[in-house]
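Number of protein chains: 2
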Amino acid sequence: MNSEIKIVLVNTTHSGNIGGVARAMKNMGLSDLVLVEPKVFPSEEATARAAGANDVLANASVVATLSDAIADCELVFGTSARERHIPWPIMDPREMASIISTGKSKDSGKKIAVVFGREDRGLTNEELHLCQHHVCIPSVEGFSSLNIASAVQVIAYEIRMASLCVEQVEEPLQWGTKWDAPMANQEQLEMLFDHLEQTVLKTGFLDPQKPRQLMTRVRRLIMRALPDSIEVNILRGILTSVDKSIASNVKSSKELGE
Amino acid sequence: MNSEIKIVLVNTTHSGNIGGVARAMKNMGLSDLVLVEPKVFPSEEATARAAGANDVLANASVVATLSDAIADCELVFGTSARERHIPWPIMDPREMASIISTGKSKDSGKKIAVVFGREDRGLTNEELHLCQHHVCIPSVEGFSSLNIASAVQVIAYEIRMASLCVEQVEEPLQWGTKWDAPMANQEQLEMLFDHLEQTVLKTGFLDPQKPRQLMTRVRRLIMRALPDSIEVNILRGILTSVDKSIASNVKSSKELGE
Numbered sequence: 001m002n003s004e005i006k007i008v009l010v011n012t013t014h015s016g017n018i019g020g021v022a023r024a025m026k027n028m029g030l031s032d033l034v035l036v037e038p039k040v041f042p043s044e045e046a047t048a049r050a051a052g053a054n055d056v057l058a059n060a061s062v063v064a065t066l067s068d069a070i071a072d073c074e075l076v077f078g079t080s081a082r083e084r085h086i087p088w089p090i091m092d093p094r095e096m097a098s099i100i101s102t103g104k105s106k107d108s109g110k111k112i113a114v115v116f117g118r119e120d121r122g123l124t125n126e127e128l129h130l131c132q133h134h135v136c137i138p139s140v141e142g143f144s145s146l147n148i149a150s151a152v153q154v155i156a157y158e159i160r161m162a163s164l165c166v167e168q169v170e171e172p173l174q175w176g177t178k179w180d181a182p183m184a185n186q187e188q189l190e191m192l193f194d195h196l197e198q199t200v201l202k203t204g205f206l207d208p209q210k211p212r213q214l215m216t217r218v219r220r221l222i223m224r225a226l227p228d229s230i231e232v233n234i235l236r237g238i239l240t241s242v243d244k245s246i247a248s249n250v251k252s253s254k255e256l257g258e
Numbered sequence: 259m260n261s262e263i264k265i266v267l268v269n270t271t272h273s274g275n276i277g278g279v280a281r282a283m284k285n286m287g288l289s290d291l292v293l294v295e296p297k298v299f300p301s302e303e304a305t306a307r308a309a310g311a312n313d314v315l316a317n318a319s320v321v322a323t324l325s326d327a328i329a330d331c332e333l334v335f336g337t338s339a340r341e342r343h344i345p346w347p348i349m350d351p352r353e354m355a356s357i358i359s360t361g362k363s364k365d366s367g368k369k370i371a372v373v374f375g376r377e378d379r380g381l382t383n384e385e386l387h388l389c390q391h392h393v394c395i396p397s398v399e400g401f402s403s404l405n406i407a408s409a410v411q412v413i414a415y416e417i418r419m420a421s422l423c424v425e426q427v428e429e430p431l432q433w434g435t436k437w438d439a440p441m442a443n444q445e446q447l448e449m450l451f452d453h454l455e456q457t458v459l460k461t462g463f464l465d466p467q468k469p470r471q472l473m474t475r476v477r478r479l480i481m482r483a484l485p486d487s488i489e490v491n492i493l494r495g496i497l498t499s500v501d502k503s504i505a506s507n508v509k510s511s512k513e514l515g516e
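So the sequence lines, in the order shown, correspond to chains G and C.
Just so you know, my numbering puts 77 at position 77 of the first sequence, and the rest follows in order with no gaps.
Just so you know, my numbering puts 444 at position 186 of the second sequence, and the rest follows in order with no gaps.
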């Protein structure tokens with residue numbers, strides 16, 4: 001069983017689908033299911049459609065937010081069918097599986113999540129922004145929405161195929177190369193983005209009335225580089241040094257009675 | 259729509275599954291469904307699970323035997339989960355898709371069938387012997403039986419991937435995706451790094467006596483994300499706003515005779 005890869009379902013509406021997902025996971029050797037605010041769970045329908053994958057359902061955890069679900073993950077893939085306003089790198093399930101199996105072989109113990117949205121409208125933009133990579137199953141235009149258990153089946157199948165055969169395709173550079181620091185996790189990244197937001201509010205570059213897409217674009221840039229912990233620490237250090245420079249300004253002005 | 263490839267279901271028991279199959283097919287651009295003695299068809303359950311793939315259901319044909327279903331086909335793949343008594347060459351869905359897409363390009367008009375058995379026990383040996391090739395989705399031992407709609411989804415997905423002829427070019431991911439701004443050029447990047455260096459010298463974070471690997475690490479992080487022009491402009495904008503916040507500090511101090 002592959003316990004480093006978790007499947008995360010956000011706000012699943014039809015409880016039968018949760019069972020279908022559990023079955024699809026177990027077929028492909030995945031066991032870690034996380035449900036973010038499901039409408040109903042557990043349920044008889046889920047158990048029926050699980051068709052024997054009761055252990056996956058029994059061990060599933062239920063959490064309140066997507067952030068909770070992925071807090072311990074270093075690599076988060078969000079599934080997406082729609083074109084988005086700001087382009088974000090999109091890969092197909094095979095590329096995703098290649099990254100996962102390469103990452104795992106290089107650094108086992110790395111936690112990975114693949115996130116699936118609501119049956120009717122997928123993940124929100126905010127939720128997708130929590131994911132480093134966006135994965136799209138190449139369905140036809142005009143009828144692009146897969147049943148969620150089918151979508152999990154395709155993703156889980158690709159993960160299994162990659163783990164079975166593996167003539168690894170293009171590795172992401174930071175993993176192809178021996179790296180000198182662990183990847184930053186989701187929590188470190190969110191703290192970085194929060195910090196940056198506070199600092200650019202202070203400098204006046206971010207206007208809360210007109211945020212434009214400032215933070216989204218910076219987030220997209222940083223996330224697709226898959227930063228390591230040292231890099232995040234450096235960026236935090238730069239921000240702290242800026243904060244201090246500004247604070248000493250305010251302080252000295254105040255002391256002088258301005 | 260791909261009308262040369264038909265999906266054949268033998269003795270399907272749960273009518274909802276027929277709808278799930280129709281949806282999975284339409285998602286992947288397949289339209290030709292043949293039902294060999296289904297238990298119930300048509301049905302409300304099938305229509306509900308088809309989730310809009312009504313045209314696939316409406317055009318489905320119902321026949322009495324597998325031989326009838328595949329009479330006009332030159333290439334027939336039978337899906338199989340179990341090990342059989344007599345060994346038979348078994349391929350995975352990717353090899354199957356490769357054969358199909360090669361065959362199609364060589365001789366278009368060739369009719370192809372992929373055959374799926376009963377939910378509980380698949381195809382009989384006699385039925386499998388009507389198929390030139392046997393395909394097995396590589397599920398885990400001990401829990402190998404996929405839901406039939408999920409199995410069709412995996413097969414149809416592989417056929418579509420092959421037809422899209424995914425020679426995933428060596429492009430960086432963000433270039434594989436349609437992007438909304440040109441990539442930053444080397445000159446813009448160097449100006450960004452110069453600017454950053456000046457700013458972190460001012461904030462005191464970069465100590466010219468002990469530069470460590472600060473600039474190298476930031477450069478590596480930014481460069482591997484392959485930033486676009488808008489992103490570089492945003493980073494420059496942030497630095498300029500920081501510069502101004504610090505300058506106003508120095509200026510007000512000087513004006514006050516410090």
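Where is the CB? At the ideal position from N, CA and C, for every residue including glycine.
Under the three-state DSSP convention, the category residue i falls into
i: G274 of chain C; result: helix
i: R376 of chain C; result: strand
i: A371 of chain C; result: strand
i: I137 of chain G; result: coil
i: L278 of chain G; result: Lying outside 1 to 258, the shown extent of chain G, residue 278 of chain G is not represented and no answer is given.
i: V476 of chain C; result: helix
i: D350 of chain C; result: coil
i: L324 of chain C; result: helix
i: K39 of chain G; result: coil
i: I496 of chain C; result: helix
i: S245 of chain G; result: helix
Beta-carbon proximity check, residue i vs residue j, cutoff 8 Å
i: F299 of chain C; j: S273 of chain C; result: yes
i: A184 of chain G; j: D228 of chain G; result: yes
i: E302 of chain C; j: A322 of chain C; result: no
i: S80 of chain G; j: H134 of chain G; result: yes
i: A69 of chain G; j: V114 of chain G; result: no
i: I148 of chain G; j: T12 of chain G; result: yes
i: V266 of chain C; j: S289 of chain C; result: no
i: V10 of chain G; j: L146 of chain G; result: no
i: V140 of chain G; j: V21 of chain G; result: no
Neighbour-count burial assignment, residue i, 16 or more Cβ in a 10 Å radius
i: K39 of chain G; result: exposed
i: N125 of chain G; result: exposed
i: L52 of chain G; result: The identity of residue 52 of chain G in the sequence shown is Gly, whereas the question assumes Leu. With fewer than 16 other Cβ atoms within 10 Å, it is exposed.
i: K364 of chain C; result: Because K364 of chain C sits at a pLDDT of 46, beneath the cut-off of 50, its placement in the model cannot be relied upon, and the following sentence gives the value as read from the coordinates. By the 10 Å Cβ count, K364 of chain C comes out exposed.
i: D92 of chain G; result: buried
i: G336 of chain C; result: buried
i: Q132 of chain G; result: buried
i: R217 of chain G; result: buried
Euclidean distance between Cα positions of residue i and residue j
i: N275 of chain C; j: S408 of chain C; result: 9 Å
i: I222 of chain G; j: E187 of chain G; result: 14 Å
i: L189 of chain G; j: L130 of chain G; result: 9 Å
i: R224 of chain G; j: R118 of chain G; result: 24 Å
i: M28 of chain G; j: R49 of chain G; result: 16 Å
i: L206 of chain G; j: S499 of chain C; result: 9 Å
i: L226 of chain G; j: M354 of chain C; result: 35 Å
i: C73 of chain G; j: I488 of chain C; result: 29 Å
i: R281 of chain C; j: F374 of chain C; result: 16 Å
i: V334 of chain C; j: W88 of chain G; result: 40 Å
i: M473 of chain C; j: P182 of chain G; result: 19 Å
i: L192 of chain G; j: L493 of chain C; result: 15 Å
i: K244 of chain G; j: I5 of chain G; result: 41 Å
i: I86 of chain G; j: A505 of chain C; result: 34 Å
i: I137 of chain G; j: E127 of chain G; result: 18 Å
i: C66 of chain G; j: W437 of chain C; result: Note on identity: in this sequence residue 66 of chain G is Leu, with Cys being the wrong assignment. Answer to the nearest angstrom: the Cα atoms are 27 Å apart.
i: E158 of chain G; j: N312 of chain C; result: 29 Å
i: R160 of chain G; j: V154 of chain G; result: 10 Å
i: F143 of chain G; j: K284 of chain C; result: 7 Å
i: A414 of chain C; j: R94 of chain G; result: 15 Å
i: V458 of chain C; j: H195 of chain G; result: 17 Å
The beta strand (DSSP E) enclosing residue i, as first and last residue numbers
i: S31 of chain G; result: 30–36
i: S517 of chain C; result: It is not possible to answer for residue 517 of chain C, since the shown part of chain C is limited to 259 through 516.
i: L75 of chain G; result: 75–79
Residue interval of the alpha helix (DSSP H) (run including residue i)
i: D330 of chain C; result: No alpha helix (DSSP H) contains D330 of chain C, which DSSP labels as neither H nor E.
i: F193 of chain G; result: 186–203
i: Q411 of chain C; result: 406–421
i: D55 of chain G; result: 54–58
i: R212 of chain G; result: Premise fails: R212 of chain G is in no alpha helix (DSSP H) and is neither H nor E.
i: L128 of chain G; result: 125–128
i: A306 of chain C; result: 302–308
Any non-hydrogen atom of the ligand ATP within 7 Å of residue i CB
i: A24 of chain G; result: Only the bare structure without any ligand can be found here, which leaves the ligand ATP out of the picture.
* At a Cβ cut of 9 Å, what residues of the stretch 288–317 of chain C count as close to chain B, listed as they run along the chain? -> Protein chains G and C are contained in the structure displayed, whereas chain B is not.
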